[in-house]
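Colleague: Be aware that the sequence shown starts at 512, since it is given in our numbering, and climbs by one per residue.
Glycine included, C-beta positions come from ideal geometry on N, C-alpha and C.
First the structure, which I've put down as C-alpha cells, then a few questions once you've had a look.
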Amino acid sequence: MNSPLQIAQTNIPHDFIDLGAGEPQLDLLPLDMIRSAAAHRLGQNEKEFLQYGVEQGDGYFRAALAKFLTPRYGFPVSHEQLFVTSGISSALDLLCTLFTKPGDTVFVEEPTYFLALRIFADHGLRVVSIRTDESGLVMDDLVHALKESTPKFTYIIPSFQNPSGHTLPPECRKQLVELAQKHNFLVIADEVYQFLGYTQTPPTSFGAEIDSGQVISVNSFSKILAPGLRLGWLHSNSTVIQKIITCGVLDSAGGLNPFTSAIVRSLIENGDLDKNISHLINVLGKRVQIMDEALREHLPQVNYTKPHGGYFFWVQSLDMDAQELQKKAQAYNVGLRPGVRFSSRNSLTDYFRLSVSFYNEDEIKKGILRLRDCLKT
Ligand SMILES: Cc1ncc(COP(=O)(O)O)c(C=O)c1O
Numbered sequence: 512m513n514s515p516l517q518i519a520q521t522n523i524p525h526d527f528i529d530l531g532a533g534e535p536q537l538d539l540l541p542l543d544m545i546r547s548a549a550a551h552r553l554g555q556n557e558k559e560f561l562q563y564g565v566e567q568g569d570g571y572f573r574a575a576l577a578k579f580l581t582p583r584y585g586f587p588v589s590h591e592q593l594f595v596t597s598g599i600s601s602a603l604d605l606l607c608t609l610f611t612k613p614g615d616t617v618f619v620e621e622p623t624y625f626l627a628l629r630i631f632a633d634h635g636l637r638v639v640s641i642r643t644d645e646s647g648l649v650m651d652d653l654v655h656a657l658k659e660s661t662p663k664f665t666y667i668i669p670s671f672q673n674p675s676g677h678t679l680p681p682e683c684r685k686q687l688v689e690l691a692q693k694h695n696f697l698v699i700a701d702e703v704y705q706f707l708g709y710t711q712t713p714p715t716s717f718g719a720e721i722d723s724g725q726v727i728s729v730n731s732f733s734k735i736l737a738p739g740l741r742l743g744w745l746h747s748n749s750t751v752i753q754k755i756i757t758c759g760v761l762d763s764a765g766g767l768n769p770f771t772s773a774i775v776r777s778l779i780e781n782g783d784l785d786k787n788i789s790h791l792i793n794v795l796g797k798r799v800q801i802m803d804e805a806l807r808e809h810l811p812q813v814n815y816t817k818p819h820g821g822y823f824f825w826v827q828s829l830d831m832d833a834q835e836l837q838k839k840a841q842a843y844n845v846g847l848r849p850g851v852r853f854s855s856r857n858s859l860t861d862y863f864r865l866s867v868s869f870y871n872e873d874e875i876k877k878g879i880l881r882l883r884d885c886l887k888t
C-alpha cells in the first residue's frame with residue numbers, strides 16, 4: 512500500500528510526544544467555524560473576492576478587523592492603518608525586501624524566534640542580538656549596542672515571547688520607541704501571542720505607537736484561528752503602508768489572500784473569532800497549569816518561570832547541554848527544542864523550549880514523565 516502523501520509541515524510519529532513542537536494541535540483548529548464562515552461567504556451572490564484584490568487587502572475585511580481590534584487594544588484602530596498579509600513570516604520577508612539591503616544590521620532579542628533568524632539570513636542581514644531577562648529586552652544593553660551600530664530595525668516579540676514567555680513592560684516599550692525615534696530605526700513588533708494571555712493581560716499592542724513613525728506591528732491568525740489560513744495583518748502609519756502597497760509584487764499579484772480574507776471576515780463579524788480566542792485561553796491556560804505542576808513534581812532540578820500566556824516554557828537545564836538531552840530523549844519518545852536554536856550567537860546551550868500547543872493535558876503529563884525517565888539516566 513502506498514504511504515499517504517504529506518499535507519501538514521510536521522509529521523510527528525504517533526507514539527512520539529514532541530513537547531518542543533510550536534504548532535497548534537489539530538484538535539484546536541476550528542473546522543466548524545471555518546466551515547460556516549465559508550458557507551456564509553460563498554452563499555452571497557458576490558464574487559469580487561475571486562478577483563485580484565486591492566493592494567492593501569480587502570477593505571471590508573480590514574474594517575471588520577479594525578472593529579475587532581479597537582476594544583481589545585483600547586484605542587481606535589482604522590482600516591486605513593491595516594495591511595493584509597499572508598501571516599507574519601511572509602510579512603517579515605516583505606519588510607526585509609522593502610526596508611533593508613544585504614549587509615544591513617538588525618537587532619533581535621536573545622533568545623528570539625528561530626525561524627525569523629532564517630528569514631533575516633535569507634536577506635543577508637547582519638543580526639545583533641540584545642540580551643533579555645525576565646522583563647524582556649535589557650534596555651541598557653540596547654543603549655550600549657546603539658553606540659556600536661544603528662539597526663535598520665529591531666525585531667521583538669513583546670508579549671509572551673517565543674521562546675522565553677517574557678513580556679516587555681510598558682516603560683521599556685516607551686523607551687524602545689524613543690530610542691527608535693532618536694536613532695531612526697524601525698521597531699517591528701511581532702505580536703502573535705498578544706491575545707493569548709491566561710493569567711495576565713499584556714500591555715496594549717505596539718500599534719498604539721504607530722504615530723511615532725517608527726513602529727510596525729505584525730500579527731497573524733495562525734495562533735488564534737489556524738496557520739493553514741496563511742492570513743495576518745500589519746498595523747502601521749500611512750508612510751509605511753504606502754511604501755508597502757506600491758511595491759512590485761502587489762502591483763502584479765494584487766492584495767494578499769482576498770479569498771481567505773473574505774471568509775475570515777464572516778468569522779469575525781459573526782463573533783466566532785472572539786469565541787475561539789476564549790476557548791483557546793481556557794484550554795491552553797489549563798495546559799500551562801498542568802505542565803507547571805508536572806515539571807515541579809517530576810523535574811525539580813530545572814529552572815523556569817511559569818508563563819502567563821502564549822505557548823512556551825523556557826527551561827534551564829542547569830549544567831546540561833540541551834542538544835545532548837534532545838538526542839537522549841529521542842530514545843524515550845519525547846522531544847524538546849534546544850535553546851541554541853533560538854540564539855543568534857550559538858549560545859543558550861543549557862536552555863530548552865517546551866510547548867503546550869500540540870498536546871493535550873494527559874499527553875503533556877506523559878511527555879514530562881518520559882523526560883524525567885530520560886534525565887534519570
Ligand atoms: C513569534 C512568532 N512569530 C511568527 C510565527 C509564525 O507566524 P505566521 O504563521 O503568521 O507566519 C510564529 C509561529 O510559531 C511565532 O512563534
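Could you tell me if Ile518 is buried or exposed, where buried requires 16 or more neighbouring beta carbons within 10 angstroms of its beta carbon?
Modeller: exposed
Colleague: Using a Cβ-Cβ cut-off of 8 Å, state whether Tyr624 counts as contacting chain C.
Modeller: In summary, chain C is missing from the structure at hand, where a single protein chain is found.
Colleague: Name the residue from Leu657, Gly846, Gln692 whose alpha carbon lies nearest to the alpha carbon of His525.
Modeller: Gly846
Colleague: With respect to the alpha helix (DSSP H) encompassing Leu606, which residues constitute its N-terminal and C-terminal limits?
Modeller: 599-610
Colleague: Excluding the five sequence neighbours on either side, which residues of its own chain have a C-beta within less than 7 Å of the C-beta of Thr521, listed in chain order?
Modeller: Ala532, Glu534
Colleague: Quick one: grab the DSSP three-state call for Ser854.
Modeller: Assignment of Ser854 by DSSP, reduced to helix, strand and coil, places it in the coil class.
Colleague: Alpha carbon to alpha carbon, how far is Glu780 from Asp832? Give it in angstroms, no decimals.
Modeller: Each residue's Cα considered, the two are about 49 Å apart.
Colleague: Compare the Cα-Cα distances from Lys817 to each of Ser749, Arg798, Gln834, Leu606 and report the closest residue.
Modeller: Comparing Cα positions, the closest option is Arg798.
Colleague: DSSP on Glu557, reduced to helix/strand/coil?
Modeller: coil
Colleague: Between the Cα of Leu580 and those of Thr715, Gln562, Phe610, Glu720, spot the shortest distance and give me the residue it belongs to.
Modeller: Thr715
Colleague: Just mark Pro515 as buried or exposed, buried being the case when its beta carbon has 16 or more other beta carbons within 10 Å.
Modeller: exposed
Colleague: Taking the DSSP output, what are the residues bridged to Ile505?
Modeller: For the chain, the structure presents residues 512 to 888; residue 505 sits outside this window and is missing.
Colleague: Are there 16 or more other CB atoms within 10 angstroms of the CB of Val595, so buried, or fewer, so exposed?
Modeller: buried
Colleague: Under DSSP, the alpha helix (DSSP H) around Gly796 begins and ends at which residues?
Modeller: 783-809
Colleague: Could you give the distance in angstroms between the alpha-carbon of Pro674 and the alpha-carbon of Pro622?
Modeller: 7 Å
Colleague: Do you know offhand how far Ser789's Cα is from Gln705's?
Modeller: 13 Å
Colleague: Around the Cβ of Ala632, are there at least 16 other Cβ atoms within 10 angstroms (buried) or fewer (exposed)?
Modeller: exposed
Colleague: Which same chain residues, not among the five before or five after Lys734, have their C-beta less than 6 Å away from its C-beta?
Modeller: Val703
Colleague: Which one or two residues does DSSP pair with Val617 in a beta bridge?
Modeller: In the DSSP output, where bridge partners are listed per residue, Val617 has Val638, Phe664.
Colleague: How many Å lie between Ala627 and Gly782 at the Cα?
Modeller: 32 Å
Colleague: Determine whether the beta carbon atoms of Asp861 and Leu829 lie at a separation below 8 Å.
Modeller: Yes, the Cβ-Cβ distance between Asp861 and Leu829 is below 8 Å.
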